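A.B. asks: Residue numbers (full-length UniProt numbering), protein chains in the order written: chain A, 1 to 370; chain B, 1 to 312. We put the beta carbon where it would ideally sit given N, CA and C, even for glycine. Treat the numbers as computed from the prediction; the structure is a model and nothing was measured.
(1) When the Cα atoms are used, what is the spatial distance from residue 54 of chain A to residue 255 of chain A?
(2) Determine the burial state of residue 52 of chain A: buried for a count of at least 16 other Cβ atoms within 10 Å of its Cβ, exposed for fewer.
(3) Measuring only between beta-carbons, confirm whether residue 116 of chain A sits less than 7 Å from chain B.
(4) Can you pull out the residues from the region 117 to 128 of chain B whose beta carbon lies closer than 9 Å to at least one beta carbon of chain A?
(5) Can you confirm whether the region 197 to 205 of chain A touches the region 226 to 243 of chain A when touching is taken to mean that 3 or more C-beta pairs between the two stretches lie within less than 8 Å?
(6) My parser needs the alpha helix (DSSP H) runs of 4 or more residues fully inside the region 76 to 137 of chain A; what are they?
(7) Restricting to runs no shorter than 3 residues, where is the beta strand (DSSP E) found entirely within the region 257 to 313 of chain A?
(8) Ordered along the chain, which non-local residues of its own chain (more than five positions away) have a Cβ less than 8 Å from that of residue 197 of chain B?
(9) Between residue 244 of chain B and residue 166 of chain B, which are expected to be in contact by the criterion C-beta below 8 Å, what is the C-beta distance as a whole number of angstroms?
(10) Give a yes or no on whether the C-beta atoms belonging to residue 215 of chain B and residue 70 of chain A are separated by under 7 Å.
(11) Would you tell me roughly how many angstroms separate the C-alpha atoms of residue 116 of chain A and residue 109 of chain A, rounded to the nearest one?
(12) Taking the alpha carbon of residue 268 of chain A as the reference point, which residue from A/85, A/344, A/66 and A/316 has its own alpha carbon closest?
(13) Name, please, each residue of chain A whose Cβ falls closer than 7 Å to the Cβ of residue 178 of chain B.
(14) Considering only residues of the same chain and omitting the five flanking positions on each side of residue 124 of chain A, which have a CB-CB separation below 6 Å?
(15) Tell whether a beta-carbon distance below 7 Å holds between residue 218 of chain B and residue 273 of chain B.
(16) Would you kindly work out how many angstroms separate the C-alpha atoms of residue 302 of chain A and residue 322 of chain A, rounded to a whole number?
(17) For the region 197 to 220 of chain B, list every residue whose C-beta sits within 9 Å of some C-beta in chain C, in sequence order.
(18) For residue 288 of chain B, which beta-bridge partners are listed by DSSP?
(19) What's the C-alpha gap between residue 302 of chain B and residue 148 of chain A?
(20) Nearest-angstrom Cα distance between residue 260 of chain B and residue 238 of chain A?
(21) Counting Cβ pairs closer than 8 Å, one from the region 198 to 215 of chain B and one from the region 150 to 158 of chain A, do we hit at least three?
(22) Kindly give me the distance between the Cβ atoms of residue 195 of chain A and residue 85 of chain A, rounded to whole angstroms, as I take these residues to be in contact under 8 Å.
(23) Do you know whose CA, among A/216, A/184 and A/245, lies nearest residue 100 of chain A's CA?
(24) Name the chain B residues whose beta carbon is nearer than 7 Å to that of residue 39 of chain A?
(25) Given a cut-off of 7 Å on the beta-carbon distance, is the pair residue 315 of chain B and residue 243 of chain A in contact?
(26) Leaving aside the five residues before and after residue 377 of chain A along the sequence, list all residues of the same chain whose C-beta is less than 6 Å from its C-beta, in chain order.
(27) Using beta carbons (cut-off 7 Å, strictly below), is residue 188 of chain B in contact with chain A?
(28) By the three-class DSSP mapping on this structure, what secondary structure does residue 184 of chain A have?
(29) Taking only beta-carbon positions, decide if residue 191 of chain B is within less than 7 Å of chain A.
(30) Please state the DSSP three-state secondary structure of residue 222 of chain B.
(31) Pick out whichever of B/133, B/256, B/142 and B/231 has its Cα sitting closest to the Cα of residue 171 of chain B.
(32) Excluding sequence positions up to five away, which residues of its chain have a Cβ less than 7 Å from the Cβ of residue 43 of chain A?
(33) Skipping 5 residues on each side, what residues in its chain have a beta carbon closer than 6 Å to that of residue 193 of chain B?
(34) Mind checking if residue 278 of chain B is an interface residue toward chain A, Cβ cutoff 7 Å exclusive?
(35) Using 7 Å as the limit for Cβ to Cβ distance, is residue 131 of chain B near chain A?
(36) Assign residue 333 of chain A to one of two classes, buried (16 or more other C-beta atoms within 10 Å of its C-beta) or exposed (fewer than that).
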């Protein structure tokens, strides 16, 4: 009788052990793999961070010998003589006012994207270089011209200068680059020489118009690009080509002439949810008197269409003016204009750090509050 | 706001503090926040009693009752390792309805471990590992000696900018000048320099354009030249982080010596580059990058074998 409880005890222990070691819990099926957090990146940031597959590259033993890297796919190249015979290339060269050092064959390369089963040299890595060039000069320009632009706006503005969509616009509508569409049969029937296709932008399409009004999006491979990216890469590659031909100084001029001369509406990018509060906080951090709104002039208060003009003051300083059909509207507008005057501050005669007679920049202290 | 005189100019506030009857807890809360800028708690207590007499709950007693400070003090003394700082015990002569009232108010700040409901010492956020934020010679010394050692002080920077370089956005809720924009600018320049460095190496590649070989761009090793990791390693190797103002990972201030997240530490180097570019121009900054960043530190972080770099 004495032994009985002991035996039972022993059995219980072994059961516990068994249960512990062999998990039959279906929990692992229930817990799904967490998805990678989506990171928002602007298209110019993506273009700056392209990584090559190691399978595409012939890497030297000493990986820092950057001169010895080779692309495995490169076997063919359109020669300079052949490139001279393509009318589209000659026209584009003349239209962009490129220097004689800029070879026509480089222009052909700039219009050739990385494609499947393509043995010709392509613009993939030239675009990567051109992208860093473009984003640096744009950032430098913006940071010098608007030293107080918040970083979010700075990035948005950079993207609207050198992002895929705006460069697409530059390439297609300003420079008039055409893409190589149409079947081989059509080209044969129109008796177009085979060489002429090198004068157009060539890329693997992500979407294709099967017939009028029907677009097929399902074509996707590693090399396929959207139209915007392909066009933008051609612009980036041309920028890299200018660098190779004429050096950095000329590239900077080229970027200022063709990209930074475009009109980007930066003031409209600033949106304030509570301008009054924001302004009060800003003045507090700058040790200025709190904002007061004063009526400057008004007309037709009793009418159906009154107009009020108010000023936003800190002490005796007029920070901004606003007008509206109600006092409230005018007040809010005056706060917004005061805030915009602060964030869009422009130094007189800004000089960028890459200029010759450069003077130290005004460096802002950063957004003092969120 | 704190310097506003009593009685308040705003008659609405004055009425509320002396006579107003609150209809809801929310309303009281709103007025509490409005009224806390005014000194006499006794006045506020009147309001509270007024409010409580209406049959409301005692939900807000702790906030309004002046005695809770002393109770809290006792509570906080009982917590081991907590330091208390008694501050701003001020006396003020006031004139309410013609009568002289002397209001006393003691504010107790909690230091060390967090106490629910207690006000944290504002000094806390300005101190990182015992170093007080400020434009002092001691704080700037590590960075200053570093810059003086490079090219006989060619890259010297103004003091204010130096302090901005060693202040991360996370420090003191971003209220002090920080390095985010400088490091953004610096990063762009580092990226461009890395690309230029790679393509200008001597080459005999037949597809090079004007002796510039673009084929190495986007490779693992070339990508490494502009990573946060390189920038962080450079900052650590040169002891740029000896004084570095940022938010500590734990409120207790205890932090592992090796805990140096590259996203934060890389801003030190990047903003230094950005600051050099903004004060001495692009050319000087590029020299600095090529000589310093792409030198020894870069070789140290390279993987030992080619196979390792390809698989990564």
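C.D. replies: Quick look at the numbers:
(1) 32 Å
(2) buried
(3) no
(4) none
(5) yes
(6) 80 to 84, 87 to 95 and 104 to 110
(7) 291 to 299
(8) 225, 290 and 294
(9) 5 Å
(10) yes
(11) 16 Å
(12) A/344
(13) 366
(14) 114
(15) no
(16) 20 Å
(17) Reference to chain C is not applicable here, since the protein chains of this structure are A and B.
(18) In DSSP, residue 288 of chain B forms no bridge with anything.
(19) 38 Å
(20) 41 Å
(21) no
(22) 6 Å
(23) A/245
(24) Ordered by position in chain B, no residue passes the 7 Å Cβ test against residue 39 of chain A, which lies about 13 Å from the chain.
(25) Any property of residue 315 of chain B remains undetermined from this structure, which presents chain B solely from 1 to 312.
(26) What is shown of chain A runs 1 to 370, which leaves residue 377 of chain A out entirely.
(27) yes
(28) helix
(29) yes
(30) helix
(31) B/133
(32) 159, 163 and 164
(33) 286 and 289
(34) yes
(35) no
(36) buried
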